[in-house]
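Residue numbering for the sequence shown follows our numbering, starting at 124 and increasing by one per position. A quick write-up on the structure given underneath.
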Amino acid sequence: MHVTESFWLVMAIVIYFGVMVAIGFYSWLQTQKYDDYVLGDRGLNPFVAGLSAGASDMSGWLLMGLPGALFVSGMSELWIVIGLFLGSWANWKWVAPRLRAYSEVSNNSITLPSFFENRTRDTSRVLRIVAAVIIIFFFTFYVSSGMVSGGRYYESTFGGNYLVGMLIVGSITVLYTFIGGFLAVSYTDVVQGGLMFLALLAVPIMALVAVDNPGEIFSYATDHPYGPWPEGNPDYFNLIAGVSAATIIGNIAWGLGYFGQPHIVTRFMALKSPSQATSARRTGMIWVAICYAGAVFTAMVGTMFFSQTTYSVTDQSGYETVFLDLARILFHPLLAGLVLTAVLAAIMSTMSSQLLITSSALVEDLFRIFRKDPSHTTLLVASRTMVVLIAIIAMIMAARPSDTILGLVGFAWAGFGAAFGPVVFASLYWRRLTAPGAIAGMIVGAVTVFVWGSTEVLANTIYEIVPGVILATAAMAIVSLATTPKPGVESEFDQAIAVTDYAVRHPEATFEDALGATQRAK
């Protein structure tokens, strides 16, 4: 890399880091109490919520892993995208409005474990503790994957030391999360989501302009040599070529994981009103659809660009640098640097959300059990301390990564999807759910994912989220039917559904309006 190019790239990264920290300080000024730090005092704009949920969901996989996989194998890699898109839509459609209303109706729950406890009237605290432990366990792996991504990004972009890069990216993420909490995470997600969106539009469009006969983009890869295919790949556009039914089912099943991802569903709880879920869903789904399309077209035009020019893909094994290489080649170094920060944005937006949720689980769902009526100042100090502590543990784990980035992400995604997904859905749609049933479902889901994912023979048959969700749902249903809901659970369920329905029918109504109207109607 030339000195001049390095200078512009560093300038772009410094500008980006400066904006992130500035947003953190701005959010700090808006954060007056503990509920602000954890959930933004339920005042999240639907546009911010939609973009924030998408940005915190997507990681470096969207800009590196997906284009690389599509470049190498073709459209048979699209099944995960299809599953994730459908799962994201279903999550916004069926979970968001009800969770927003129910979480406040049920004793103003501000975390997922506290919602489970309040929803089932569990006085033993076992449900809340089990949920918090699952969050801490799986998110430590998830945050670690972000640290690994940051280190490898620095290594490949600057040719620098992996550990140095991991520490820089991790420290900046911790800094703005530590300062501004939920608002900082949400606002930075908007900037980061915007960067990812623009980059995934600009790179394939500019590459398409640079190639001969752009109209061949939908046929080029099948007939011409490129990358790992010296004679072309005749099955490039075939969705089922070389893919087993179990693999297709497992990849589509990634979509099931959405219902149980705490860092995503927390955005639903933070909306101003249940009625705003519709607007937020439209924003989020448009963003997701265009970003996926950009990643797909980046791979497709890459097959033409790198075979028609003298340039080559840096990563000659997984071809995961297709997007990065195109950005460096096609843009001025400063613009290329800004485009490349989109990868950093994808990494940091996901990691910051996970840090905050894990901190909330430690403080709201464990610390407050043993410390009665702590002050807002005490809770804020404890939350910020936990952000730093979790980051340090994740950095230690990431110092010598034992798995791929996708492997770490897949394990944590399946863990949350199986442990929490069935319980979240049942909480919102089944009044007979009981605390023992929820506990059984979470434990069975988490253990199944851990055992299945750790056993090579089982892991190679189908993605662990599939057996995890099936067994968790069965355990939850059987135990719930064998036990009795606590008094008040079913009447509160009816009230939460009534509030949701009223808010959806009256989009201008606030949560308080909807609650008042349903209470008067009794």
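We put the beta carbon where it would ideally sit given N, CA and C, even for glycine. Given the structure is predicted, the values throughout are model-derived calculations rather than measurements.
TODO: Specify the secondary structure class of W352 as computed by DSSP and reduced to three states.
DONE: When DSSP states are grouped into helix, strand and coil, W352 belongs to the strand group.
TODO: Counting only the same chain and skipping the five closest in sequence on each side, list residues whose C-beta sits under 6 Å from that of D245.
DONE: Taken in chain order, the residues that qualify are A558.
- [ ] Hey, could you find the ends of the alpha helix (DSSP H) F391 is sitting in?
- [x] Run containing F391: 385-392, per the alpha helix (DSSP H) assignment.
Task: Environment of Q399 [buried if 16+ CB atoms lie within 10 Å] - done: Answer is buried; the Cβ neighbour count reaches 16.
Open item on the list: Just list the residues that DSSP pairs L167 with in beta bridges.
Closed with: Looking at the DSSP output, L167 sits in a beta bridge with L394.
TODO: Below 7 Å CB to CB, which residues in the same chain sit around M474 once its five sequence neighbours on both sides are set aside?
DONE: Residues V266, G269, T296 of the same chain have their beta carbon placed closer than 7 Å to that of M474, with the five preceding and five following residues left out of the count.
Task: Straight-line gap, T641 to K609 (C-alpha atoms, nearest Å) - done: Using only the alpha carbons, I get a separation of about 22 Å.
Task: Sequence-distant residues of its chain with Cβ nearer than 6 Å to I387 (five each side left out) - done: Excluding its 5 nearest sequence neighbours in each direction, I387 has C-beta neighbours in its own chain below 6 Å: A176, D180, listed in chain order.
Task: 8 Å Cβ cutoff met for G540 and I588 - done: The answer is yes: Cβ separation under 8 Å.
TODO: Over the uninterrupted alpha helix (DSSP H) stretch that includes P559, give me the two end residues.
DONE: Where P559 is concerned, the enclosing alpha helix (DSSP H) stretches over 558-577.
- [ ] For the alpha helix (DSSP H) containing D617, list its first residue and its last residue.
- [x] D617 -> alpha helix (DSSP H) spans 612-628.
Open item on the list: Give me, in chain order, the residues of the same chain whose beta-carbon lies closer than 7 Å to that of F301; leave out the 5 immediate sequence neighbours on both sides.
Closed with: Cβ neighbours of F301 within its own chain (closer than 7 Å, five residues either side excluded): R507, V510, V511.
Task: Under the three-state DSSP convention, the category A632 falls into - done: Assigned with DSSP and collapsed to three states, A632 falls in coil, not helix or strand.
Open item on the list: Check whether the stretch 479-489 and the stretch 434-446 touch, using three or more Cβ-Cβ pairs below 8 Å as the test.
Closed with: No: fewer than three Cβ pairs fall under 8 Å.
Open item on the list: So the candidates are L449, Q431, M427; which of them puts its Cα closest to the Cα of T437?
Closed with: Distances from the CA of T437 to each of L449, Q431, M427 were compared; the closest alpha carbon is that of L449.
- [ ] Starting from the N-terminal side, write out each stretch of the alpha helix (DSSP H) that is 4 residues or longer and does not extend beyond the stretch 308-377.
- [x] Under the rule that a run must span 4 or more residues, the alpha helix (DSSP H) segments found entirely inside the stretch 308-377 read 343-346, 368-375.
Task: Helix, strand or coil at K609 according to DSSP, with G and I counted as helix - done: Coil.
Open item on the list: Please list the terminal residues of the continuous alpha helix (DSSP H) segment that includes T432.
Closed with: No alpha helix (DSSP H) contains T432, which DSSP labels as neither H nor E.
TODO: Counting only the same chain and skipping the five closest in sequence on each side, list residues whose C-beta sits under 7 Å from that of A563.
DONE: Within the same chain, A598, M599, V602 come within 7 Å of A563 by CB-CB distance, once the 5 residues on both sides are set aside.
- [ ] Quick one: using the 10 Å Cβ neighbour count with 16 as the cut-off for buried, is G732 buried or exposed?
- [x] Here the chain comprises residues numbered 124 to 645, so residue 732 is not present and cannot be evaluated.
- [ ] Below 8 Å on the Cβ atoms is my guess for Y225 versus R242; work out the distance and round it to an integer in Å.
- [x] Taking a contact as a CB-CB distance under 8 Å, the pair Y225 and R242 counts as one, their CB atoms being some 7 Å apart.
Open item on the list: Taking the alpha-carbon of W184 as reference, which of I515, V546, D624, A468 has the nearest alpha-carbon?
Closed with: Per the C-alpha coordinates, the member of I515, V546, D624, A468 positioned closest to W184 is A468.
Task: Identity of the residue in V171, A330, F616, N356 nearest L394 by Cα - done: Residue V171 is the option with its Cα nearest to L394.
Open item on the list: Quick check on DSSP: helix, strand or coil for G282?
Closed with: In this structure, G282 counts as coil in the three-state DSSP scheme.
Task: Rounded Cβ spacing between F428 and A325 (contact assumed at less than 8 Å) - done: Contact flag wrong, Cβ pair sits at about 14 Å.
Task: Burial state of L298 (16 or more Cβ within 10 Å) - done: Residue environment: L298 is assigned as buried (16 or more neighbouring CB atoms within 10 Å of its CB, all protein chains considered).
Task: N241, enclosing alpha helix (DSSP H) - first and last residue - done: Boundaries of the alpha helix (DSSP H) harbouring N241: 235-243, taken from the DSSP string.
TODO: Identify, in the order they occur along the chain, each residue of the same chain with its Cβ nearer than 7 Å to the Cβ of V627, setting aside the five sequence neighbours on each side.
DONE: Excluding positions up to five away in sequence, the list reads P220, P397, S398.
TODO: Answer yes if the stretch 344-364 comes into contact with the stretch 186-198, meaning at least three C-beta pairs across the two stretches below 8 Å, and no otherwise.
DONE: Segment contact: the stretch 186-198 against the stretch 344-364, three or more CB-CB distances shorter than 8 Å; contact assigned.
Open item on the list: Given a cut-off of 8 Å on the beta-carbon distance, is the pair G383 and A542 in contact?
Closed with: Cβ distance < 8 Å, so G383 and A542 count as in contact.
- [ ] Grab me the residues of A422's own chain with a C-beta within less than 7 Å of its C-beta, minus the 5 sequence neighbours each way, in chain order.
- [x] Within the same chain, A422 has close Cβ partners P190, L193, F194, V445.
TODO: Give a yes or no on whether the C-beta atoms belonging to T311 and A517 are separated by under 8 Å.
DONE: Contact: no.
- [ ] Name the residue from A505, S476, Q477 whose alpha carbon lies nearest to the alpha carbon of F490.
- [x] The residue with the shortest Cα to Cα distance from F490 is A505.
Open item on the list: Taking a contact to mean a Cβ-Cβ separation below 8 Å, would you say A178 touches Q315 in this structure?
Closed with: A178 places its beta carbon less than 8 Å from that of Q315.
Open item on the list: Taking CB distances under 8 Å as the criterion, tell me whether S199 reaches chain C.
Closed with: Absence of chain C from the displayed structure is noted, only one protein chain being present.
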